[in-house]
Amino acid sequence: MTDLTRLTAVETREAITSGQASAVEVAQAHLDRIAAVDDRVHAFLHVDAEGALAQAKRVDAGEVTGPLAGVPLALKDVMTMAGVPTTCGSRILEGWRPPYDATVTARLKAAGVVILGKTNMDEFAMGSSTEHSAYGPTHNPWDLDRIPGGSGGGSSAALASYQAPLAIGTDTGGSIRQPASVTGTVGVKPTYGAVSRYGLVAFSSSLDQAGPCARTVLDAALLHEVIAGHDPCDSTSIPAPVPPVVEAARNASVEGLRVGVVKELQGDGYEPGVTARFEEAVALLQSQGAIVSEVSCPHFGYALPAYYLIAPSEASSNLARFDGVRYGLRVGDDGDRSLEEVMALTRARGFGAEVKRRIILGTYALSSGYYDAYYGQAQKVRTLISRDFQAAWSRVDVLVAPTCPTVAFPLGAKLEDPLAMYKQDICSIPANLYGGPAASFPAGLSEGLPVGFQVMAPTLRDDLLYRVGGALEKVLPPAIPPLSWES
Amino acid sequence: MPDITRDEVAHLARLARLALDDAELDRLAGELEVILGAVAQIAEVTDAADVPPTTHAVPLENVTRPDVIVPSLPRDTVLAAAPAAEDGRFRVPQILTDES
Numbered sequence: 017m018t019d020l021t022r023l024t025a026v027e028t029r030e031a032i033t034s035g036q037a038s039a040v041e042v043a044q045a046h047l048d049r050i051a052a053v054d055d056r057v058h059a060f061l062h063v064d065a066e067g068a069l070a071q072a073k074r075v076d077a078g079e080v081t082g083p084l085a086g087v088p089l090a091l092k093d094v095m096t097m098a099g100v101p102t103t104c105g106s107r108i109l110e111g112w113r114p115p116y117d118a119t120v121t122a123r124l125k126a127a128g129v130v131i132l133g134k135t136n137m138d139e140f141a142m143g144s145s146t147e148h149s150a151y152g153p154t155h156n157p158w159d160l161d162r163i164p165g166g167s168g169g170g171s172s173a174a175l176a177s178y179q180a181p182l183a184i185g186t187d188t189g190g191s192i193r194q195p196a197s198v199t200g201t202v203g204v205k206p207t208y209g210a211v212s213r214y215g216l217v218a219f220s221s222s223l224d225q226a227g228p229c230a231r232t233v234l235d236a237a238l239l240h241e242v243i244a245g246h247d248p249c250d251s252t253s254i255p256a257p258v259p260p261v262v263e264a265a266r267n268a269s270v271e272g273l274r275v276g277v278v279k280e281l282q283g284d285g286y287e288p289g290v291t292a293r294f295e296e297a298v299a300l301l302q303s304q305g306a307i308v309s310e311v312s313c314p315h316f317g318y319a320l321p322a323y324y325l326i327a328p329s330e331a332s333s334n335l336a337r338f339d340g341v342r343y344g345l346r347v348g349d350d351g352d353r354s355l356e357e358v359m360a361l362t363r364a365r366g367f368g369a370e371v372k373r374r375i376i377l378g379t380y381a382l383s384s385g386y387y388d389a390y391y392g393q394a395q396k397v398r399t400l401i402s403r404d405f406q407a408a409w410s411r412v413d414v415l416v417a418p419t420c421p422t423v424a425f426p427l428g429a430k431l432e433d434p435l436a437m438y439k440q441d442i443c444s445i446p447a448n449l450y451g452g453p454a455a456s457f458p459a460g461l462s463e464g465l466p467v468g469f470q471v472m473a474p475t476l477r478d479d480l481l482y483r484v485g486g487a488l489e490k491v492l493p494p495a496i497p498p499l500s501w502e503s
Numbered sequence: 039m040p041d042i043t044r045d046e047v048a049h050l051a052r053l054a055r056l057a058l059d060d061a062e063l064d065r066l067a068g069e070l071e072v073i074l075g076a077v078a079q080i081a082e083v084t085d086a087a088d089v090p091p092t093t094h095a096v097p098l099e100n101v102t103r104p105d106v107i108v109p110s111l112p113r114d115t116v117l118a119a120a121p122a123a124e125d126g127r128f129r130v131p132q133i134l135t136d137e138s
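Chains as they are written, first to last, in the numbering used here: chain R, 17 to 503; chain B, 39 to 138.
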């Protein structure tokens, strides 16, 4: 019998509808796979076997149908799921069981998707390696001694180790795309506001966006269609139809598509193997009829500093909610200490080093006397970066760049150097500041490790990402991790 | 490059309600100085002077919903997740001292 964990989401659904396998068998195969390998990968923080099998039974009973009914999925632990632990990779939420479903979770359930469990992440999605999880790092299935990317390293590692064919990530500065890049998987950050943030524990509200992760372009598009759409519970949710992403993934033609290579996202600091795979992918698009040119986006060089002022500022405000009163940890409540003392002790114990670093940085950037020079200036630079994108759209349909300047680096390599870690996001941040959609697609290997190809598109043209990704997928050999550690 | 002292970090930590220990204050002072030194380069963007700051990534106007009452979470369910509850309310440590 075929190994059910090796199937794509599309193949899984076909296996279920044709009677080759039941949804319960599919779910059990993945639960068995998790039990067999996740002690080494550590993609999951919590496995909900009972919930997954119950949902699979509903699918087998015909109670719910649809293109992803019965397909297993790994949910990033930043998304609430009623009754199931949601930690955001933090001690401050250890043991918390949210009383409600995020809109994304509710949509997945309604589509018959089988949620296997919650995946590991950098604490509150702050990081690029998943090493900032309070529960220990996730390991890259391509090489267990390397990082799986971050913050959504649990989701990307679950895909690359065949523990799930689908996953949900969230992307504030690259947390879907960089993990996809370093694990040879597909990761899409939709247009800001395309997927509801209701129930997504906030890090930086003006940037946070949930999106689909998968091993194939069409699987990601099908998941995109399930989770996207207007939600009255999120005031930044866009009241517009979901772009035709599935159609774009199926008929992935780049004939006549104008593709702009971003001049500022190449050169020094980019590993030669990353540059080589990127240039080959561009040539492959050109050979399929794409019209390639170079485009200058002069303010992209300031995206990183702008981001590391805006995101920590918003985080310092958002994370004020963790006060030890309504949910989560409370430390030092001995009857004598004041509310303020208990709050400060709780937060000092509950938050890890990176979260504290960003809260302090954000508090500084927002404080009186520094606000204009830091936060205010960063928001103006953000406008200029958006204008760079707008100017580009008068000449090209999409922009392309490497997703990340490097392949997966060894665990621990950047842990003591916050700035070096932040530079992982140098190519992915511009799209977050602008708000348009962006994706990472596999573009081959450099010294045995995956390289990601990034596509950025105008606001609400998420379909263009899938056209380009699908065109590449047709001509590139698939990225199959050797998983040599298994034997 | 901004010069960040340990006292300044201690002040920020008080504002942010973080009871940091001495070792953390020392480490953060050094790290903050390095990070601020790097992000301070946005001051170089001189053409930003007359540019409006971004307020929304994708501007939306007047998002409203019908003014109807919808069910909210049951009180017991919400209080079950609290570190301490009493008489159907969140129980908090003392806010006022004897002197105040």
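Even glycine gets a Cβ: it sits at the ideal position worked out from N, Cα and C.
- By the Cβ criterion, the region 332-348 of chain R is in contact with the region 108-125 of chain B, since at least three pairs of Cβ atoms, one from each stretch, lie closer than 8 Å.
- Within 7 Å of the CB of T92/B, the CB atoms of chain R belong to Q395, R398, T399 and S402, in sequence order along the chain.
- For V94/R, the closest alpha carbon among the candidates R162/R, R213/R, V467/R and D159/R is that of R213/R.
- Comparing C-alpha distances from V129/R to each of V26/R, L431/R and V290/R shows the shortest one belongs to V26/R.
- When Cβ-Cβ separations below 7 Å define contact, R55/B makes contact with chain R.
- E124/B carries a strand assignment under DSSP once its states are collapsed to helix, strand and coil.
- The beta-carbon of R103/B is placed less than 7 Å from the nearest beta-carbon of chain R.
- Close CB contacts of S253/R within its chain, under the 7 Å cut and outside five residues either way in sequence, are with G209, S212, H246 and D247 (chain order).
- The beta carbon of T43/B sits no closer than 7 Å to any beta carbon of chain R.
- Taking 7 Å as the cut-off, the beta carbon of Y178/R is found closer than this to the beta carbon of R22/R.
- For A76/B, the residues of chain R that pass the 9 Å Cβ criterion are L320, P321, Y324, L435 and Y438, in the order they occur in the chain.
- Close to chain R, meaning a Cβ-Cβ distance shorter than 8 Å, are the following residues of the region 113-125 of chain B: T115, V116, A118, A119, A120, P121 and A122.
- Take S149/R, set aside five residues on each side of it, and the residues of its chain with a beta-carbon closer than 7 Å to its own are G105, N136, M137, D138 and E139, in chain order.
- For Q302/R, the uninterrupted alpha helix (DSSP H) run begins and ends at P288 to S303, by DSSP.
- For V217/R, the closest of A118/R, D48/R, G464/R and P493/R by C-alpha to C-alpha distance is A118/R.
- Cβ proximity to chain B below 9 Å picks out R365, F367, A369, K372, R373, I375, I376, L377, G378, T379 and Y380 from the region 365-380 of chain R.
- What D85/B touches in chain R, judged by beta-carbon distance under 8 Å, is L400, going in chain order.
- Close to chain B, meaning a Cβ-Cβ distance shorter than 8 Å, is no residue of the region 90-101 of chain R at all.
- With fewer than 16 other Cβ atoms from the protein chains shown falling within 10 Å of its own Cβ, D284/R counts as exposed.
- Looking at the backbone, the Cα of Q440/R and that of P421/R are separated by about 7 Å.
- Judged by DSSP secondary structure, K92/R falls outside any alpha helix (DSSP H) and instead within the beta strand (DSSP E) spanning P88 to K92.
- Counting every other CB atom within 10 Å of its CB across the protein chains shown gives K490/R a total below 16, marking it as exposed.
- With the rule of 3 Cβ pairs closer than 8 Å, the region 361-379 of chain R counts as touching the region 326-343 of chain R.
- Bounds of the alpha helix (DSSP H) holding L74/B are D60 to V77.
- Judged by pairs of C-beta atoms under 8 Å, the region 290-298 of chain R touches the region 463-473 of chain R, as three or more such pairs exist.
- For H240/R, the uninterrupted alpha helix (DSSP H) segment begins and ends at V233 to I243.
- By the Cβ-count criterion, E69/B is buried, with 16 or more other Cβ atoms from all chains shown falling within 10 Å of its own Cβ.
- E310/R has V277/R as its beta-bridge partners, per DSSP.
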